[in-house]
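This note's numbering puts the sequence shown at residues 3 to 244.
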Amino acid sequence: MRFKRLDKLIRRIAEYFWYYGSSDAWRAIFSLLERNDGASLLDLGCGDGSSTMLVAERIGASKVYGIDLDEESIRSARERGVLAYRSDLNGKFPFENESLDVVFANQVIEHLIDIDNFVSEIYRVLKGGYAIICTENLASWHNIFALLLGNQPYSGPYVSVKHVIGHHPLHPQIEPGKAGNPYLKHNTVMAFKALKEIFRVTGFKIEKVIGSGYYPFPKLLGRVLCHLDKAHAHFLTLKVRK
């Protein structure tokens, strides 16, 4: 009974960290968006389109596109007004060269295998605009702590699609001992410098990086520490321009 209570307490604390970090990551995303009425927006990994439309409204986009693999999510996105396509983001995007003003990808790049292709495709479809990418940071302190304990980093990469291997305390949607979910699998998790470098060598100009969630510190102190040391924040939000 005592251990169950302790486990429940730990999960609640972990959920607090996850949700404050992810809400601060969205705060960072919105701070980097530029008003551009009539712009075209592409959301990579658009899901059901709810977040896509929030970003589109903030920008003032009149043409809103999305790409996802899940058919049900695509149908929901289309119902919300997103021109959504089913496509693998490890391959070529179904858009012409230099056809879009803004590209957005939140918690997507870590699920992919061919990062070179993904970044190159973003560069190809942009017509001089910018992209905003948000992802988890391999060099966050809680991932470093996991390695010191001999564990896989909590953010991944994950070693199995069929099974949940290792500990994922800051991912409430992943339950230990349950079957794995291929849509949740992290294949490529980058550290602060590597994330910037892959975009820089592809031809992008790095405009800004914002860190969110500095674990195990609470929200207000975490925000201060993220400002001082974004290289070890949990979430990284990157703005790049072609």
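Glycine included, each C-beta is placed from N, C-alpha and C at the ideal position.
Whole-angstrom distance between Thr239 and Ile212, CA atom to CA atom
As a first step, residue 212 is located in the sequence shown; it is residue number 210 there, counting from the start. As a first step, residue 239 is located in the sequence shown; it is residue number 237 there, counting from the start. Pairing Ile212 with Thr239, the inter-Cα distance amounts to about 5 Å.
Tell me the DSSP bridge mates of Gly130?
On the sequence shown, position 128 is the one that residue 130 refers to. For Gly130, which the question treats as bridged, DSSP gives no partner whatsoever.
Specify, as a first and last residue, the run of the beta strand (DSSP E) that Thr190 falls within.
Along the sequence shown, read from residue 1 onward, the residue named residue 190 stands at position 188. For Thr190, there is no enclosing beta strand (DSSP E), since its DSSP letter is neither H nor E.
How would you write the range of the alpha helix (DSSP H) that Glu81 sits in, first residue to last?
Position 79 of the sequence shown, counted from the start, is the residue given in the question as residue 81. Unbroken alpha helix (DSSP H) run through Glu81: 73 to 81.
Excluding the five sequence neighbours on either side, which residues of its own chain have a C-beta within less than 6 Å of the C-beta of Ile115, listed in chain order?
Your numbering for residue 115 matches position 113 in the sequence shown. Here the set comprises Asn92, Asn189.
Just the C-alpha distance for Phe219 and Gly158, rounded to the nearest angstrom, thanks.
The count along the sequence shown starts at 1 and reaches residue 219 at position 217. The count along the sequence shown starts at 1 and reaches residue 158 at position 156. If I take the Cα positions, the gap works out to 21 Å.
Which value, in whole angstroms, describes the spacing of the CA atoms of Asp70 and Ile146?
Your numbering for residue 70 matches position 68 in the sequence shown. Your numbering for residue 146 matches position 144 in the sequence shown. Each residue's CA atom was taken as its position, placing Asp70 and Ile146 some 31 Å apart.
Jot down the residue ranges of each uninterrupted beta strand (DSSP E) in the region 105 to 152, minimum 3 residues, whole runs only, in chain order.
With a minimum length of 3 residues, the continuous beta strand (DSSP E) runs that stay inside the region 105 to 152 are 128 to 138.
Alpha helix (DSSP H) segment containing Ala235, residue limits
Against the sequence shown, residue 235 aligns to sequence position 233. Per DSSP, Ala235 belongs to no alpha helix (DSSP H) and is neither H nor E.
Kindly indicate which residue of Ala27, Ile135, Gly49 has the alpha-carbon position closest to the one of Arg243.
Taking the first residue of the sequence shown as position 1, residue 243 is located at position 241. Considering only alpha carbons, the answer is Ile135.
Proximity to Asp103 [Cα-Cα], best of Ala148, Lys65, His236
The residue labelled residue 103 in the question sits at position 101 within the sequence shown. In terms of CA proximity to Asp103, Lys65 leads the group Ala148, Lys65, His236.
Is it buried or exposed, Pro155, if we count other Cβ atoms within 10 angstroms and call 16 or more buried?
Translated into positions along the sequence shown, residue 155 becomes position 153. By the 10 Å Cβ count, Pro155 comes out buried.
Since I believe Leu34 is in contact with Lys241 (beta carbons under 8 Å), could you give me their beta-carbon distance rounded to a whole number of angstroms?
Mapped onto the sequence shown, residue 241 falls at position 239. Mapped onto the sequence shown, residue 34 falls at position 32. Yes, Lys241 and Leu34 are in contact; Cβ-Cβ is about 5 Å, under 8 Å.
Would you mind giving the Cβ-Cβ distance between Asn139 and Phe206, rounded to the nearest angstrom? I have them listed as a contact below 8 Å.
As a working mapping, residue 139 is identified with position 137 in the sequence shown. As a working mapping, residue 206 is identified with position 204 in the sequence shown. Contact check for Asn139 and Phe206: beta-carbon distance about 19 Å, past the 8 Å limit, so the pair fails to qualify.
Nearest-angstrom beta carbon gap, Phe97 and Val127 [assumed within contact, 8 Å]
The residue given as residue 127 occupies position 125 in the sequence shown. The residue given as residue 97 occupies position 95 in the sequence shown. Confirmed, Cβ separation roughly 5 Å.
Just to confirm the assignment, what range does the beta strand (DSSP E) spanning Arg60 have?
Counted from its first residue, the sequence shown places residue 60 at position 58. Note, Arg60: premise wrong, no beta strand (DSSP E); alpha helix (DSSP H) at 52 to 61.
Which residues mark the beginning and the end of the alpha helix (DSSP H) in which Val203 is found?
Taking the sequence shown and counting its residues from 1, the one referred to as residue 203 is at position 201. In this chain, the alpha helix (DSSP H) harbouring Val203 covers 194 to 204.
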